[in-house]
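For what it's worth, UniProt numbering labels the leading residue of the first sequence as 1, then goes sequentially.
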Amino acid sequence: MTSTKEPSLFPAAPARTLEPAVLARSLLAWYDSHRRVLPWRAPAGRTADPYHVWLSEIMLQQTTVVTVGPYFEAFLKRWPTVADLAAADLDAVLHAWAGLGYYARARNLHKCAQAVAGSHGGHFPDTEEGLRQLPGIGAYTAAAVAAIAFDRRATVLDGNVERVMARLFAVEEPLPGSKEKLRVLADTITPDRRPGDYAQAVMDLGATVCVPRKPRCGQCPWHDGCAARAAGIAETLPRKTPKADKPTRRGMAFWLLNPEGAVLLRRRPESGLLGGMIEVPSGDWLERPAQSLAAAGIQAPAAAKWRLLPGLVRHTFTHFHLELQVAAARVGGDSWKAAEGIWVPVDRLSDHALPTVMMKVVRHALGASEPSGGVF
DNA sequence: AAAGCGTGGCC
DNA sequence: TGGCCAAGCTT
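Put into structure tokens, the structure is as follows:
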């Protein structure tokens with residue numbers, strides 16, 4: 001007989017209009033008692049190292065806290081200061097970044113470190129405008145670093161804050177059109193005192209309480225002031241304009257072994273998809289039915305007796321699905337020495353910057369060559 | 001300014 | 001299981 005929905009019998013309490021200062025104060029009080037320990041976060045009452053804040057913020061772009069944790073620790077251990085990172089080889093940075101995705105971030109990370117170590121004497125700019133000039137730092141990250149590392153008043157607007165503001169003020173206009181409106185609303189609440197803590201608090205609220213599905217309104221410090229909760233539409237906000245469907249693209253990857261048991265890899269172009277990363281050579285990825293080995297063979301990295309491995313490698317990027325067939329061959333004699341790319345012993349593949357989709361290709365090829373691997 | 005750009009977890 | 005979502009930036 002109990003219902004999980006309350007609105008009909010017990011209408012939600014109407015929202016009370018709360019002053020910005022009241023909202024900021026109640027959120028900071030909530031933060032003080034719910035503060036999460038994160039690897040890049042300073043102890044209460046202290047400001048974090050700008051290098052740590054910047055590194056974590058770049059890694060956290062479109063990436064979850066759980067995923068970032070180990071990468072952050074590994075980067076910090078290997079490159080303890082921004083000068084160390086600036087002095088690193090780009091290839092080493094890409095390798096360490098492999099698996100995190102959005103690889104342009106790694107290239108910009110390296111560029112940014114070099115700018116800071118070079119033109120800025122090893123110190124990050126301490127203003128939003130200054131930070132905004134650096135590669136890989138956009139509106140959100142500039143505000144986050146200015147607030148968290150330098151305790152400057154800055155309005156952070158990430159996915160969390162967009163959701164929190166859309167609900168608090170019941171903004172029904174869909175994103176991304178409503179973004180500027182949400183930014184203004186967020187700005188009206190941002191306090192002059194403890195802006196760094198406030199920035200982390202409002203994002204924490206979105207990450208742990210005002211979550212996308214089944215928001216925990218009962219635990220929310222802004223419960224009384226929330227217009228969407230009062231109207232019973234919190235979970236439906238923020239609205240978003242529908243995204244285009246993802247097309248499926250198909251291609252062929254070429255797994256080529258030489259007599260020494262090494263596989264041919266090559267570096268992708270510096271810009272675009274998986275820019276600068278290492279790949280198993282593959283032909284074009286096009287939106288047409290799976291190509292025949294004969295047709296795809298034209299794009300093979302060497303003449304050889306290619307055989308098609310059973311099965312498919314599937315992977316989904318942000319904007320398309322990919323289905324990759326894998327062709328395998330061995331080359332003998334000396335002819336393989338002319339092939340374009342790098343020959344890597346199969347047990348040394350982890351020394352290279354292979355993105356996840358390419359690790360899937362490797363696993364597929366190795367699995368097919370070993371009877372215990374699954375396909376036989 | 002709309003589109004391109006990774007990946008893993010969740011239900 | 002397929003779509004949604006995650007501390008967005010660049011061109």
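Beta carbons are placed, not taken as given, at the ideal position from N, Cα and C, and that holds for glycine.
Looking at I137, R35, L205 and A328, the one whose alpha-carbon comes closest to that of A113 is I137. Straight-line spacing of the CA atoms in R36 and R152 works out to 21 Å. The three-state reading of DSSP puts E260 in coil, since its state is none of H, G, I, E or B.
Counted as a single uninterrupted DSSP element, the alpha helix (DSSP H) harbouring P50 occupies residues P50 to M59. Setting aside the 5 residues that flank it on each side, R268 is surrounded in the same chain by L274, G275, G276, M277, I278 and E279, each with a C-beta closer than 8 Å to its C-beta; the list follows chain order. G159 is positioned such that its CB atom lies no closer than 9 Å to that of G232. Cβ-Cβ distances below 7 Å link P20 to T188 and I189 in the same chain, with the five nearest sequence neighbours on each side left out; the list follows chain order. Beta-bridge partners of P39 (DSSP): none assigned. For P212, the three-state secondary structure derived from DSSP is coil. Relative to the Cα of E235, the nearest Cα in the group V211, W255 and V22 belongs to V211. Between the segment 119-132 and the segment 100-111 there are fewer than three inter-stretch CB-CB distances shorter than 8 Å, so the stretches are not counted as touching. Listed as beta-bridge partners of T316 by DSSP are H321. Membership of V68 in any beta strand (DSSP E) is not indicated; the residue belongs instead to the alpha helix (DSSP H) covering V65 to R78.
Within the segment 241-298, the complete alpha helix (DSSP H) segments at least 4 residues long are 293-296, listed from N- to C-terminus.
Here L354 is actually not in contact with A88; their C-beta atoms are around 19 Å apart, not less than 8 Å.
Inter-segment contact for the segment 316-335 and the segment 248-259 is present: three or more beta-carbon pairs are separated by less than 8 Å. In terms of Cα proximity to A12, the closest of A227, V263, F317 and P281 is A227. Rounded to whole angstroms, R78 and R229 show a C-alpha spacing of 46 Å.
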